[in-house]
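*Asks:*
Protein chains: 2
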Amino acid sequence: MNLRHWLPWLDWGRGYNKASAGQDGLAALIVTLMLVPQSLAYAMLAGLPPVMGLYASILPLLLYALFGSSRTLAVGPVAVVSLMTAAAIGPLFPAGSPSYISAAMLLAMMSGIILAGMALLRLGFLANFLSHPVISGFISASGILIAIGQAKHILGVSVPGEGLVQILPGLLQSLPDTHLPTLLIGSLTLLWLWWARSQLKPLLQRAGLAATMAGNLAKAGPVLAIVVAILCVTLLQLDQVGVRVVGNIPRGLPGFSLPTLDLALIVQLLPAAVLISLVGFVESVSVGQTLAAKRRERIQPDNELLGLGASNLGAAFSGGFPVTGGFARSVVNFDAGAQTPMAGIFTAMGIALSVMLLTPLLHNLPQTVLAATIIVAVLGLVDLGSLRRTWRYSRQDGAAQWITLLGVLLIGVEAGILLGVTLSLLLFLWRTSQPHMAVVGQVPGSEHFRNIERFAVMESPNVLSLRVDESLYFPNARFLEDRIGELVAARPQVRHVVLMCPGVNLIDASALDSLETIAERLKTAGVQLHLSEVKGPVMDQLKRSTFLDHFGGQVFISQYQALRTLAPALTLATRQQDDQSFLIQSLDGRRQA
Amino acid sequence: MNLRHWLPWLDWGRGYNKASAGQDGLAALIVTLMLVPQSLAYAMLAGLPPVMGLYASILPLLLYALFGSSRTLAVGPVAVVSLMTAAAIGPLFPAGSPSYISAAMLLAMMSGIILAGMALLRLGFLANFLSHPVISGFISASGILIAIGQAKHILGVSVPGEGLVQILPGLLQSLPDTHLPTLLIGSLTLLWLWWARSQLKPLLQRAGLAATMAGNLAKAGPVLAIVVAILCVTLLQLDQVGVRVVGNIPRGLPGFSLPTLDLALIVQLLPAAVLISLVGFVESVSVGQTLAAKRRERIQPDNELLGLGASNLGAAFSGGFPVTGGFARSVVNFDAGAQTPMAGIFTAMGIALSVMLLTPLLHNLPQTVLAATIIVAVLGLVDLGSLRRTWRYSRQDGAAQWITLLGVLLIGVEAGILLGVTLSLLLFLWRTSQPHMAVVGQVPGSEHFRNIERFAVMESPNVLSLRVDESLYFPNARFLEDRIGELVAARPQVRHVVLMCPGVNLIDASALDSLETIAERLKTAGVQLHLSEVKGPVMDQLKRSTFLDHFGGQVFISQYQALRTLAPALTLATRQQDDQSFLIQSLDGRRQA
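Which chain is which? The protein sequence lines are A and B, in order. Per this note's numbering, the first sequence starts with residue 509, numbered consecutively. Per this note's numbering, the second sequence starts with residue 509, numbered consecutively.
(1) Can you list the residues of chain B that E805 of chain A reaches, using a CB-CB cut of under 8 angstroms?
(2) Between which residues of its own chain and L1020 of chain B is the CB-CB distance below 8 angstroms, once the five residues before and five after are set aside?
(3) Which of the three DSSP states is assigned to G495 of chain B in this structure?
(4) Provide the residue span of the beta strand (DSSP E) that contains G645 of chain A, from first to last.
(5) For the structure I just gave you, are there three or more beta carbon pairs, one from the stretch 611-631 of chain B and one from the stretch 821-837 of chain B, closer than 8 angstroms?
(6) Just checking: is the beta-carbon of G993 of chain B within a distance shorter than 9 angstroms of some beta-carbon in chain A?
(7) Where does the unbroken alpha helix (DSSP H) through V735 of chain B begin, and where does it stop?
(8) Measure from the alpha carbon of S814 of chain A to the alpha carbon of each residue in A:L869, A:F575 and A:K1043, then state which is nearest.
(9) Would you say P557 of chain B and I597 of chain B are within 9 angstroms of each other, going by their C-beta atoms?
(10) Below 9 angstroms on C-beta distance, what does P641 of chain A contact in chain B?
(11) Could you list the residues in the stretch 785-805 of chain B with a C-beta less than 9 angstroms from some C-beta on chain A, going in chain order?
(12) Report yes or no: do three or more beta-carbon pairs, one from the stretch 540-552 of chain B and one from the stretch 866-884 of chain B, lie closer than 8 angstroms?
(13) Measure the C-alpha to C-alpha separation of V1002 of chain B and V667 of chain A and round it to an integer number of angstroms.
(14) Check the Cβ of T1032 of chain B against every Cβ in chain A and list those closer than 7 angstroms, keeping chain order.
(15) Would L988 of chain A and V947 of chain A be called neighbours here (beta carbons separated by less than 9 angstroms)?
(16) In or out: P602 of chain B buried (at least 16 other Cβ within 10 Å) or exposed?
(17) Under 9 angstroms, Cβ to Cβ, is there at least one residue of chain B near E978 of chain A?
(18) Taking C-alpha atoms, which residue in B:A535, B:V583 and B:D519 lies nearest to L816 of chain B?
(19) Tell me the rounded alpha-carbon separation between A860 of chain A and L743 of chain A.
(20) Hey, out of B:H661, B:T697, B:I622 and B:N724, whose CA is closest to I538 of chain B's CA?
(21) Tell me the start and end of each unbroken alpha helix (DSSP H) in the stretch 873-901 of chain A that is at least 4 residues and wholly inside, in chain order.
(22) Got a sec: is the Cβ-Cβ distance from W520 of chain B to anything in chain A below 9 angstroms?
(23) Is there contact between the stretch 674-682 of chain B and the stretch 695-702 of chain B, where contact requires at least three CB pairs shorter than 8 angstroms?
(24) Which residue spans inside the stretch 1008-1065 of chain A form an unbroken beta strand (DSSP E) run of at least 3?
(25) Looking only at its own chain, which residues have a Cβ that is under 7 angstroms from the Cβ of L773 of chain B, when we skip the five neighbours before and after it?
(26) Against N1172 of chain B, what residues of chain A qualify as contacts under a CB-to-CB distance less than 8 angstroms, listed in chain order?
(27) Could you give the uninterrupted runs of the alpha helix (DSSP H) lying entirely in the stretch 837-878 of chain A, keeping only those of 4 residues or more?
(28) Could you please give the first and the last residue of the uninterrupted beta strand (DSSP E) stretch that includes G723 of chain A?
(29) Can you tell me whether G833 of chain B is buried or exposed? The criterion is at least 16 other CB atoms within 10 Å of its CB, across all chains shown.
(30) Can you tell me whether DSSP reads G827 of chain A as helix, strand or coil?
(31) Tell me, to the nearest whole angstrom, how far the beta carbon of V1012 of chain B is from that of L1030 of chain B; I am working on the premise that it is less than 8 angstroms.
(32) What did DSSP end up calling F957 of chain B once you bin it into helix, strand or coil?
(33) Taking 9 angstroms as the cut-off, decide whether the C-beta atoms of S932 of chain A and P641 of chain A are in contact.
(34) For N820 of chain B and T912 of chain B, I'd like the C-alpha separation in whole angstroms.
(35) If we define contact as Cβ-Cβ less than 9 angstroms, is L937 of chain A a contact residue for chain B?
(36) Kindly indicate which residue of A:G555, A:L870 and A:Q681 has the alpha-carbon position closest to the one of L739 of chain A.
Given below as structure tokens:
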């Protein structure tokens, strides 16, 4: 049972048959065609030799298939994580140097350990720190940053440095040095990819192909661009005139390797590793859930953590760099009909074959073509309209999104996301520290109690009924003290305060302290605290403290009961009269809702 | 109006009269008697020349009286903040050196700026980060740490280092070097102070004094110890035999001074300054609120921040160190009958007079007596029983308290409190990321809906009614996606999901995204999302997004309405029959509550 929980393939492997294998095989073929150029491109984006992108698409895919719970997620190098890798290691070592490569592998290992650790300790909730506006701002900014960073490859110039502030002026300065053949190839590729994204499938359909077939063929658009570009470079010997090409890619499978364990470097990379793990996990889980829901399947966040953790460890030990589940390739995998993670295993085999056989053919692939692939892929990530939408919906969320976007663009990848996370946590704490509370009164002729500011209700002058619409815990414990103090100070006649707790799911130790403080403070002012409508589990927990023994008040089953008990005793003068005579009609000057 | 908000003395100053002045004057006299030895002692605890304690008790008191909102709070050096000051500066400079002194003033200035900034930006809610278990664990640990740190003065030995791990072995090693006369004076003082704390007042009362008079006199117990000790040292020339005395204290008021602004040092001290500000604020506000409530007065957290900020700036510019509102002295001030902050102004004048006139008399005050004063004061802070109580009440809160206590004792003051804050925030996020949700069904014969696991209710097989008992925001947005996906995956017959939102006070941008994702995912699986019982303000906000236009479902005024609308349409076969025939009695196998 436990083993089946951690190894989902024990489930799907059982009923695996030829039909599934056929579908998985076709999906794997299409994903492989897509993944070969993408892997090379993202390795380049991460500042690494292109072959590492291929290495990162073999063992990680196999391991995810063993441990991951999504049936259609396609794992490998992705744009945002590659950018984060470059941002983390770039300032430490020269790109592509042995130390740089070793650090990238170390980063993958750390990320793998963090993710697997989160799985075993059930810490997946940590990903909640990343609110949607922060992620959206971060991804848009990453897209812009990556696209601008790749522009130098399209122009065929060298621009040193990281970040918008360094790259943009550098680009402008080096415009006169633009290498025209490179720019021509790059621009044509950009145009072709842009056009193929939306127009190729309809065209093929008009040419008489079935929709599925046309869709699958259209996905080979980037491959066509690569083949044509390689042919051009080879036939016209464009590398002789200065078009930079990928060059020699080592042939054969990666060997098993261990990243150098440098403690100082580990400490230095730790924040980046944590962020890469969290961002990668969030991206992967949201893709996985979307695809699973389409077939009414489920994914398990814990298994996803373990699957991604194993993938990253696999990447670390086979010459790769941090990986995660990618959006585009997973959708392609799903649309092409993948049924089980076996598609991922087939894809890994496809990439492995490519490394063994195809790499000599890729020698003449121009870097500008890879850059064009990246630019078209990442511009799809940029969603500036979301900034406007979020701002209109909520100023606070909008501010978090803007701060993250600007932080990533102007300060740096990690600083930007940390700023956003901090701001959204602060705003969350601020919001949650002021829970909704309402002074309530009795609806005439009923046992119901409603907000006195919204309804025409009756109150006793001696009893303050306060409904709390939130669990009581440390972020709002002080607010509770403040608010009750304020209300009682403003009502000199009050002798009893009844806290109505139907919305209280938890009272933590801080709130318990606050309740004790409140009861004591009220007592010194001649007022008694009571509770009403306390939920069962909360009552059980309160019984584990001494609060109920010494706070001096009662716990009423209902607010109505509380009023019936407390108010008559306080209004001896009118006790003989009608039961409701002590209540004041509070119609005047109050909004009716 | 605005000016009156920031300068509370414009209010109380208006009606100030001779009677108030008399009461404030008496209270000030008693607090001054208490504050002179305490100020010297806490300066020593902070590793500073004793006179700085007196300096920190003049200008800060005046400024608090101008800006603070508590009528009875007594500001000055306190034990915990002095310990934090020593912990922050101790590792950087030799105690008592000019750089050390300058850093302490800088710390006061930074703390003043942080507190005043929090006041102006209304960031007082940041203090909520410090949950009660963390504060309690921190204060107990501080008490233990301070008491053990002072033991060397009682023994008359030198023990270098900070923290339990360094001091305890050092103390044991130097036991043979104990200076007996010092130990004798220290122990006698300890015994006297300990006895006087509880026994002196009853004794004086039995001797015929009135309760108030006896109480006020009893508070002079420490002063008596000091006078006797000074007399003994002077008459017996004990300083000649090695009893360490306070020595020369400069006479006269402090001059205006500016701390050296060293940017690197500021960066280094920043975390300590933030923690000192927050801890000081929390301690001060809780004392202030407790005392205010006794007279049904209010304090304003923003004014408290400003008052404490001004106090610390005052300390920085007049040769002092970080200050805050102290518990013991404020209670003494309150009990002695202080009516307004004028008592604080009188106290400042009293301390100023002492600095000008009394300092020569304090030359022969033995350090061991001051250490005894500190030990008796801080042992009152240690509340180990609270560890047991909190642990019994809640494992999570108990863990936060233990971690803070052990962290402060074994690792360090700042590290311990940061550990505790981080842990309690993580636990909070974990709890809040799993809000209570219940699948609900209709109570037969009513329009009410209740949890199907607790009540015998009726459900439609096609409609899933889910009640959310929590606002929807980013920490729980993903949980919502998970939970709905899970529930729908387990119920293949479901065609409609109705999210019942009576407990939802807010839907932030993350939760809005999640709702859109959920609606879309459900749609691909042939299920439609609806909402019911959405509160007015939440509805208004939803209308500012496009969610309502394209999610495809309806927003029902009540869950009953939703069921009446959705369920008949789905059960065409039974539409002609009784209105409730489509509902399944779900009595079997369910717990009744």
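Virtual Cβ for every residue (Gly too), placed ideally from N, Cα, C. None of the values given here were measured: they were computed from a predicted structure.
*Replies:* On the basis of the data shown:
(1) A997
(2) L1050, S1053 and F1055
(3) No statement about residue 495 of chain B is possible, as the shown extent of chain B runs from 509 to 1101 and does not include it.
(4) Counting along the chain, G645 of chain A falls outside any beta strand (DSSP E), though it belongs to the alpha helix (DSSP H) covering H640 to L663.
(5) yes
(6) yes
(7) G729 to L744
(8) The residue you asked about is not Ser; residue 814 of chain A is Leu in the sequence shown. Selected option, being the one with the closest Cα: A:F575.
(9) no
(10) F982, D1016, A1017, S1018 and D1021
(11) V790, V793, S794, Q797, T798, A800, A801, K802, R803, R804 and E805
(12) yes
(13) 57 angstroms
(14) A801 and K802
(15) no
(16) exposed
(17) yes
(18) B:V583
(19) 28 angstroms
(20) B:N724
(21) 875-887 and 893-901
(22) no
(23) no
(24) 1036-1040
(25) A611 and L614
(26) For chain B, the structure presents residues 509 to 1101; residue 1172 of chain B sits outside this window and is missing.
(27) 850-865
(28) Where G723 of chain A is concerned, there is no enclosing beta strand (DSSP E), although the alpha helix (DSSP H) it sits in stretches over A719 to A726.
(29) buried
(30) coil
(31) Contact doesn't hold; Cβ gap of about 18 angstroms is too wide.
(32) strand
(33) yes
(34) 26 angstroms
(35) yes
(36) A:L870
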